[in-house]
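Chains as they are written, first to last, in our numbering: chain A, 249 to 507; chain B, 77 to 380. Heads up, the beta-carbon is just placed ideally off N, CA and C, and yes, glycines get one too.
So, in structure tokens, the structure goes:
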């Protein structure tokens with residue numbers, strides 16, 4: 249479904265503060281995989297997400313989604329394949345537009361805009377139904393401006409928008425990190441329900457090791473722009489929080505030793 | 077007092093016609109600024125560009141409507157150019173507009189070959205209603221009023237379509253719009269181009285209305301349009317897209333009547349800029365003085 253081969257990305261090339269963010273990263277996701285991505289700050293997680301979504305173009309390497317080579321495609325051209333929920337709830341929605349209009353925009357990701365009426369009664373009905381799965385009552389505030397929603401509600405809306413239209417790849421970029429614990433739980437549960445129900449190929453970045461242990465069928469750990477550790481199947485099922493944190497310390501020691 | 081009132085009433089037809097022509101420019105300011113979050117000054121250049129192109133097309137013997145469409149096409153290009161240099165070279169939108177406006181001055185001079193082109197012999201669009209038995213001013217009011225009404229209705233419908241919603245999304249959150257598959261460059265260039273076309277169309281109408289085009293006819297038109305927009309938004313609000321569009325026309329009409337009252341009171345024309353400035357200031361200061369309309373946005377201000 250998603251295949252990254254030998255992706256490289258260097259920031260500030262040729263400058264004293266040159267930083268290799270992706271160092272020949274290769275990764276393959278099968279249809280329906282739920283991969284949890286962990287790694288310390290600066291390991292290349294965000295760069296990888298940006299490279300997949302198109303927000304950054306890789307210096308070399310190839311990215312193929314569902315058989316389409318998207319390596320050189322800009323964000324909007326990849327949108328048909330990739331949906332993304334950001335950490336910042338403000339990023340995923342248009343604040344000055346209504347909930348219904350935001351849902352329509354998400355719909356346009358799969359069906360590019362044409363010169364026809366946007367919010368038809370049929371569509372409104374469909375969106376209402378999608379929103380009702382959240383159980384937040386957003387379906388009753390259909391024509392409310394998104395700016396009036398709380399951060400948790402906005403993030404829930406972003407999630408519904410991202411999973412609507414069943415994208416080939418769903419990218420979750422620490423999407424519950426900015427929420428209070430209870431709301432984070434709510435959004436995460438909604439995420440899991442949607443991912444399971446729609447069998448979405450998902451990549452979730454998290455700093456929460458308990459989540460990494462509990463969710464998904466694979467976990468990968470990035471370090472210096474490469475996959476340092478990959479657990480799947482039985483191994484993944486047996487892994488504990490302690491195991492995962494242990495791998496972080498390997499890196500820390502290396503940093504201390506300056507290797 | 078009665079004298080002042082009579083003087084004002086006597087000017088209503090003329091000022092109303094003027095204000096309806098101005099409303100095209102107000103639309104040209106509103107579209108990028110409010111819909112695309114792209115504060116743009118290009119109208120100051122595309123308005124006279126429209127006047128000049130329209131004049132030269134008329135002089136060349138083209139029918140008046142063709143001349144207006146040629147003007148709009150030229151304005152469209154000017155707007156596209158502003159948007160393009162902003163996107164491609166990351167120049168601030170205001171600076172991009174100033175650059176294009178500055179360059180357009182020379183281009184306008186080149187187009188006409190001189191600073192002023194009289195159009196007294198040419199057939200104007202207002203000739204369409206010459207035999208209806210209305211005065212000159214009322215012919216303009218009816219014709220231009222119908223045109224701006226048509227534009228407002230068309231824009232209203234446009235913003236209900238999928239494309240129109242996508243365009244609003246670009247202004248609301250460009251990053252999110254892009255992630256939803258909307259081509260932000262295309263929409264921005266097209267939208268600012270559309271605004272340029274509106275301003276140039278207004279310039280063409282003005283040239284036909286006053287029977288001449290002048291390279292300096294754009295001087296100060298932008299601040300007039302901005303004042304009109306602020307007044308219109310103060311009165312109508314901008315909660316919905318319909319209100320936002322209605323505010324353009326209402327603002328233009330009310331603004332010109334306010335200026336007309338100032339003239340009727342006996343204010344010398346040189347002082348009108350102060351009056352304009354005061355109107356804008358009042359409209360912008362009203363919310364923080366606690367004079368806001370119920371339901372208006374509390375932190376309204378002219379950002380950037």
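- Within a 10 Å sphere around the beta-carbon of residue 79/B sit fewer than 16 other beta-carbons, which makes this residue exposed.
- Residue 336/B counts as buried, since at least 16 other C-beta atoms from the protein chains shown sit within 10 angstroms of its C-beta.
- In the three-state DSSP reduction, residue 285/A falls in the strand class (E or B).
- When DSSP states are grouped into helix, strand and coil, residue 345/A belongs to the coil group.
- Bridge pairing for residue 421/A: 453/A [DSSP].
- Within the DSSP bridge table, the entry for residue 157/B names no partner.
- Assignment of beta strand (DSSP E) within the segment 206-291 of chain B, counting only whole runs of 3 or more residues, yields 288-290 in chain order.
- When secondary structure is reduced to three states using DSSP, residue 469/A falls in the strand class.
- Residue burial annotation: residue 211/B is exposed, with fewer than 16 other C-beta atoms found within 10 angstroms of its C-beta.
- Of 187/B, 186/B, 162/B, 312/B, the smallest CA-CA separation from residue 175/B is found for 162/B.
- At a C-beta separation below 8 Å, residue 341/A has these neighbours in chain B: 249, 252.
- DSSP, read as helix, strand or coil, puts residue 397/A in coil.
- Of the candidates 195/B, 120/B, 208/B, 195/B places its Cα closest to the Cα of residue 285/B.
- Distance from residue 453/A to residue 297/A at the Cβ level is roughly 6 Å; contact confirmed, criterion being Cβ atoms closer than 8 Å.
- Sequence-distant partners of residue 334/A (beyond 5 residues in either direction) whose C-beta falls short of 6 Å from its own C-beta, in its chain, are 340, 421.
- Taken through DSSP and simplified to helix, strand or coil, residue 478/A comes out as strand.
- Taking the Cβ atoms as the reference, residue 404/A lies roughly 5 Å from residue 382/A, within the contact range of under 8 Å.
- Distance from the Cα of residue 326/A is smallest, within the candidate group 257/B, 233/B, 339/B, for 257/B.
- Around residue 162/B, no beta-carbon contact reaches into chain A at under 8 Å, the shortest distance being about 17 Å.
- Residue-level contact by beta carbon holds for residue 258/B and chain A, with a gap shorter than 8 Å.
- Against residue 345/A, the close residues of chain B are 241, 244, 245, 248, 249, in the order they occur along the chain (beta-carbon pairs closer than 9 Å).
- A direct Cα-to-Cα measurement between residue 393/A and residue 350/A gives close to 9 Å.
- The way I'd put it, the segment 310-317 of chain B doesn't touch the segment 145-164 of chain B; fewer than three beta-carbon pairs between them come closer than 8 Å.
- Taking C-beta atoms as the reference points, residue 184/B and residue 124/B count as a pair closer than 8 Å.
- When 281/B, 302/B, 304/B are compared, the shortest CA-CA separation from residue 293/B is found for 281/B.
- Neighbours of residue 323/A in chain B, taken as residues whose beta carbon is under 7 Å from its own, are 254, 255 in chain order.
- Taking CB atoms only, residue 107/B has no neighbour in chain A less than 8 Å away.
- Boundaries of the beta strand (DSSP E) around residue 267/A: 267-277.
- Cβ proximity to chain B below 9 Å picks out 322, 323, 324, 325, 326, 327, 328, 330, 331, 332, 334 from the segment 311-335 of chain A.
- Among the CB atoms of chain B, none fall inside 8 Å of the CB of residue 264/A.
- For residue 259/A, DSSP records a beta bridge to 267/A.
- The residues 276, 312, in chain order, have a CB closer than 6 Å to that of residue 251/A in the same chain once the five nearest residues on each side in sequence are set aside.
- Residue 364/A is bridged by DSSP to nothing; it lacks a bridge partner.
- Apart from sequence neighbours up to five positions away, the residues of its chain that approach residue 320/A with a beta-carbon distance below 8 Å are 305, ordered along the chain.
- Under a 10 Å Cβ-count criterion, residue 447/A is classified as exposed, with fewer than 16 other Cβ atoms of the shown protein chains found around its own Cβ.
- Residues of chain A with a Cβ closer than 8 Å to the Cβ of residue 236/B are, in chain order, 365, 366, 367.
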